[in-house]
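In the numbering used here, the protein residues as written are 21 to 286.
Ideal placement from N, C-alpha and C gives every residue a C-beta, glycine not left out.
A quick note: this is a predicted structure, and the numbers were derived from the prediction, not measured.
Here the structure comes first, spelled out in structure tokens, and everything after it is commentary.
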Amino acid sequence: MRTLLLLATVFIAACGAGHHSTGRVTTPSSLVADGKLWASFFQQRSAEYRALCQQAFNIARLRVDELSKRQTLRPMAIVTDIDETFLDNSPYAVHQSLMGKDYEAASWAEWTAMGKADTLQGSLSFFSYAAARGFEIYYITNREEKERAGTMANLRHFGFPFADDKHLVMRSDVSSKEPRRLALAATHDIVLLLGDNLADFSALFDKKNERERAGNVSISANEFGNKFIILPNVTYGGWEESFYQFNLRRGDAEKDSLIRSSLKTY
Ligand SMILES: [Mg+2]
């Protein structure tokens with residue numbers, strides 16, 4: 021009887037989730053989870069993604085060559101974001117998507133504590149190149165202070181330059197990076213910024229709506245490929261938060277219908 025009950029329970033559990041099977045676990049399907057799975061598929065498998073990253077770091081290298089000719093009184097600093105700028109967190113996105121889930125702070129902290137994110141193509145050689153030419157690298161990230169140890173281990177594992185407490189600047193009270201950039205600008209010339217999110221570059225992009233973000237890209241048009249080096253991120257970012265008007269606590273069904281109703285077709 022107990023075996024029968026157990027079998028029945030397993031059967032009901034297996035059918036209950038319904039939807040589609042990924043092979044590893046049975047997950048409810050949603051546009052957001054499936055979309056992030058597809059985005060991660062591109063990030064992990066396409067050579068085009070690698071080429072886009074390489075292209076960004078090649079341009080950054082050209083900028084460093086140009087900037088090296090400059091005479092400055094203060095040290096020159098390169099400010100870089102971490103996630104999806106040079107560390108690849110797509111395994112986390114896949115892990116969540118396979119459970120039908122989006123980003124969650126707790127599971128994210130578990131992932132970063134492991135310190136096992138891989139590097140994006142061209143990143144390590146670029147930062148080493150810049151460091152060897154006298155540029156100081158500052159890692160300004162919105163990972164939290166409690167993620168410092170895992171993050172540091174990840175950077176040191178690959179031998180990223182300036183992987184020390186002074187140069188690894190975690191999020192403290194506010195998500196905006198502007199106060200941290202301004203603090204650095206008191207002592208350094210920030211000559212180059214790298215990021216996958218527009219807010220990695222300027223306060224012009226902090227919590228702005230979609231129209232303002234697009235308008236401010238036009239206003240800053242000359243900065244891209246010059247002072248701002250942008251990496252592609254199709255999985256998440258300010259673009260997504262802005263689309264939801266910074267209210268990410270919407271249910272899957274609401275997100276699904278908001279996305280579908282926003283898209284152009286013919
Ligand atoms: Mg990032």
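In this structure, M134 sits away from R163, with a CB-CB distance that is not shorter than 8 Å. Nearest to A76 by C-alpha distance, out of E156, M119, T100, is T100. Looking at the backbone, the Cα of Y158 and that of I98 are separated by about 6 Å.
Residue state for G215 is assigned as strand, using DSSP reduced to three classes. Taking a contact as a CB-CB distance under 8 Å, the pair F178 and L144 counts as one, their CB atoms being some 6 Å apart. Around the CB of S262, 16 or more other CB atoms lie within 10 Å, so the residue is classed as buried. At the C-beta level, D108 and Q74 stay beyond 8 Å of one another.
Under DSSP, F248 forms a beta bridge with L213, F244.
With respect to P181, F221 sits apart: the two C-beta atoms are not nearer than 8 Å.
Inclusion of I239 and L212 in the CB contact set at 8 Å is not warranted, their separation being larger than that value. Between I160 and R201 a beta carbon distance of about 7 Å is seen, short of the 8 Å cut, so the two are scored as contacting.
Counted as a single uninterrupted DSSP element, the stretch harbouring T207 is not any alpha helix (DSSP H), since DSSP gives it neither H nor E.
Between T105 and L218 the beta-carbon gap is near 12 Å, outside 8 Å, which marks them as no contact. According to the DSSP assignment, E230 belongs to the alpha helix (DSSP H) that extends over 230-239.
Rounded to whole angstroms, the gap between the alpha carbons of G258 and E230 is 9 Å. Contiguous beta strand (DSSP E) elements confined to the segment 115-186 occur at 156-164, taking only those with 3 or more residues. For A59, there is no enclosing beta strand (DSSP E); the residue is found in the alpha helix (DSSP H) stretching over 51-65.
DSSP lists no bridge partner for L268.
According to the DSSP secondary-structure assignment, R191 is paired through a beta bridge with E164. Sorting V254, D85, T285 by C-alpha distance to the C-alpha of N246 places D85 at the top.
Inclusion of N217 in the 7 Å shell around ligand 1 follows from its C-beta lying nearer than that to a non-hydrogen atom of the ligand. D276 is positioned such that its CB atom lies closer than 8 Å to that of S50.
Partner residues in the beta bridge of L107, as assigned by DSSP, are D103, T139. Distance from the C-beta of D103 to the nearest heavy atom of ligand 1 is below 7 Å.
For G258, the enclosing alpha helix (DSSP H) has its first and last residue at 258-263. A direct Cα-Cα distance of roughly 21 Å separates R280 from Y123.
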